[in-house]
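Structure, as structure tokens:
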Amino acid sequence: MSAIEFKQVNFSYDGKTKILENTDFAAEYGEVTLLSGHSGEGKSTLMYIVSGIIPNVNYGELSGEVLVGGESIRGKKMGDICRKVGVVLQNADEQIIQKIVEDEIAFGCENLAFPPEKIQKQIEIVCSLMKLEPQWKCRTLSGGQKQRLITASTLAMGQKIIILDEPLANLDKDGAKLLMGTLRSLAKAGYCVVVIEHRLDMVLSFVDIVWHIGNQTVKKVENRQEYLMQQTAKIEDSCPAFTGNEPLFKLENIAFSVKKEREILKNLTLEIPKGGRTVLLGENGCGKTTLLRLIARLYRPTGGAITQYIDEKFKQKPKGSKAWYKKVGVVYQNPDYQLFMPTVRQEISFGAKSEEYAAEIAELFGVKHLWDRHPQSLSEGQKRRVSIAAVAACEPEVLLLDEPTVGQDYDGLCALVEILNKLHMQSGNTMITITHDVRCAEALCDKAYLIENGIVAKCGGKELVREYFLR
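Take 1 as the starting number for the sequence shown in UniProt numbering and just add one per residue.
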């Protein structure tokens, strides 16, 4: 008996455009199954169907037969399906509702009526597995730590079928290996684990079966090595060698703490070269996003000083202003934090110099066909491209990118890197990027800083990127 089985399944959100057509798919107990493919092709839709989110929460036209644990899900309530199927969504912030880590993990267990002693034991087990502290405050966690938290919360509930949508999106290399090793162990213990993921180089050695989704259907991949080579080739850097050394930002002895409870940065000193591409490296929770927000004036340091050489009129102002953010564009780790207009067209046009330029940027980023869609109706990969396009349309002198390639398939990743480098060469902007993807890091790098224990551990160029990811 298969854990999950699709038989000639068809699905459309609007009754016109088929997302899945005559689709057959299966995932077995005792195996880790990988589902990969292009952004927006239906990977998350398949997960929503299995978990009962479709048609109980998200509506559409669904036909064919879907079996979970050998039983049809037709007519079943989402609560009944969720007793069999645990789901880790792509966007961590959409799943976290409690203030403290242990309360977040306990929440799902309480809904399944676990006795208090079992809940406490599950909290201890999954916190140890995912390297989390039970008393940590959820809002102060890094993106990678939040990803580990929602995974821990799902594992604690003990369903035998687990589906994870882009679980490695914000994880560093060690965190990715930790998670995939844990999932591999669960499969050996008889669980069915389905992973939806683009970072094939990090997952293929842990999985048993690979399926590719595209053109409204799902097909099993027979030649895994060839598939890996197609999806993980090195991305060429199209920018000429950078020779500038004039600083745009100087950070001296920077410290940052959260209400004196948790020290994130301490005595950090570095320079951001004007007109260069700087990459920030480091493990989840090391302070990369905090550093980016300090540079953007979204946070204020608790110690040290940041000197900027963008414009004299901003030097005495400790906080950002509308004029400041016309010069300094910030792309957040979570696109939902910055997508606020009712259509993609209005989102990209909001800060653009003209409607024509907004359309040109949308075409460049490959989202013009989504022009009249609501941004929140898009896939995570599409949201990411729209959020970057909206900031790029403002033509900022400084572009701050926090995990810009999350949710991108390999073709999308290559295209996005090429676009960012093209805009960089045309405008001469200063670009600062945080990424856990070695291909992206190398192709967007002139200078790299490795952050460890709240300080700069190493400084270098592309060689530091390769050294960090292959160590």
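No residue lacks a Cβ here, since even glycine has one placed at the ideal position from N, Cα and C.
**Cross-strand partners of Met431 (DSSP beta bridge)** = Arg277, Leu399
**Asked** CB-CB under 7 Å to Ala106, same chain, minus the five flanking residues each way: which ones, in chain order?
**Response** Ile119, Ile123
**Request:** With DSSP as the reference, label Ile235 as helix, strand or coil.
**Result:** coil
**Message:** Need the endpoints of the beta strand (DSSP E) that Ser36 sits in, please.
**Reply:** 31 to 37
**Cut-off 6 Å between Cβ atoms - residues of its own chain near Val258, not counting five sequence neighbours on either side** = Thr140
**Prompt:** If you count every other CB in all the chains shown that lies within 10 Å of the CB of Glu347, and 16 or more means buried, which is it?
**Reply:** buried
**Request:** Give, in chain order, every unbroken run of the beta strand (DSSP E) that is at least 3 residues long and sits entirely within the stretch 321 to 350.
**Result:** 328 to 331
**Message:** Given this structure, state the Cα-to-Cα distance separating Met431 from Cys445, to the nearest angstrom.
**Reply:** 9 Å
**Item:** One or two residues paired with Val85 in a DSSP bridge
**Value:** Ile161
**Message:** Taking 6 Å as the limit between beta carbons, can you name the residues of its chain near Tyr449, skipping five residues before and five after?
**Reply:** Leu270, Leu280, Val456, Cys459
**Asked** From the DSSP output, which residues share a beta bridge with His212?
**Response** Ser36, Lys219
**Message:** What would DSSP say about Cys286, mapped onto helix, strand or coil?
**Reply:** coil
**Request:** Starting from the Cα of Asn91, find the closest Cα among Arg384, Val391, Cys440 and give me that residue.
**Result:** Arg384
**Message:** Given this structure, state the Cα-to-Cα distance separating Gly158 from Lys121, to the nearest angstrom.
**Reply:** 12 Å
**Request:** Check the C-beta distance from Thr151 over to Pro167 and give it rounded, since I have them as a contact under 8 Å.
**Result:** 6 Å
**Prompt:** For the alpha helix (DSSP H) that contains Glu363, what are its first and last residues?
**Reply:** 355 to 364
**For Tyr449, the residue or residues it bridges with in DSSP** = Leu280, Cys459
**Asked** When DSSP labels each residue in this structure, what does Ala305 get in the three-state scheme?
**Response** strand
**Message:** Short of 6 Å in beta carbon distance, which residues of its chain neighbour Val398, apart from the five on each side in sequence? Order them along the chain.
**Reply:** Val328, Thr430
**Prompt:** Hey, out of Gln376, Ser377, Leu420, whose CA is closest to Glu395's CA?
**Reply:** Leu420
**Item:** Rounded separation between Leu20 and Val32 - CA only
**Value:** 22 Å
**Asked** Going by beta carbon distance, what residues of the same chain come within less than 7 Å of Met425, once the five residues before and after it are set aside?
**Response** Cys239
**Message:** Looking only at its chain, what residues have a beta carbon closer than 6 Å to the beta carbon of Glu380, apart from the 5 residues adjacent to it on each side?
**Reply:** Gln90, Gly407
**Prompt:** Can you list, in chain order, the residues of its chain whose CB lies under 6 Å from that of Gly143, leaving out five sequence neighbours each side?
**Reply:** Asn170, Gln333
**Message:** Can you give me the C-alpha to C-alpha distance between Ala389 and Lys353, rounded to a whole angstrom?
**Reply:** 13 Å
**Asked** By DSSP, does Asp24 sit in helix, in strand, or in coil?
**Response** strand
**Request:** Spatial neighbours of Lys250 within its chain, please: CB distance less than 6 Å, with the 5 preceding and 5 following residues excluded, ordered by chain position.
**Result:** Glu271, Thr307
**Item:** Residues of its chain near Thr290, where Cβ-Cβ distance is below 8 Å and the 5 sequence neighbours each way are ignored
**Value:** Phe256, Ile264, Leu265, Tyr299
**Prompt:** Between the C-alpha atoms of Tyr191 and Glu28, what's the straight-line distance to the nearest angstrom?
**Reply:** 8 Å
**Prompt:** How long is the line joining the alpha carbons of Cys82 and Ala113, rounded to whole angstroms?
**Reply:** 13 Å
**Prompt:** Is Asp402 closer than 9 Å to Val330 when the C-beta atoms are compared?
**Reply:** yes
**Request:** For Gly285, collect the residues of the same chain with a Cβ closer than 6 Å to its Cβ; drop the 5 residues on either side in sequence, then sort them by chain order.
**Result:** Ser142, Gln145
**Prompt:** Between the stretch 202 to 215 and the stretch 35 to 48, do at least 3 Cβ pairs fall closer than 8 Å?
**Reply:** yes
**Prompt:** With distances taken from CA atoms, which of Cys440, Arg373, Ser387, Thr435 is nearest Leu413?
**Reply:** Cys440
**Prompt:** Which residue comes first and which comes last in the beta strand (DSSP E) that contains Gln8?
**Reply:** 4 to 12
**Asked** Which residue comes first and which comes last in the beta strand (DSSP E) that contains Glu442?
**Response** It is not in any beta strand (DSSP E) - Glu442 instead sits in the alpha helix (DSSP H) that spans 438 to 443.
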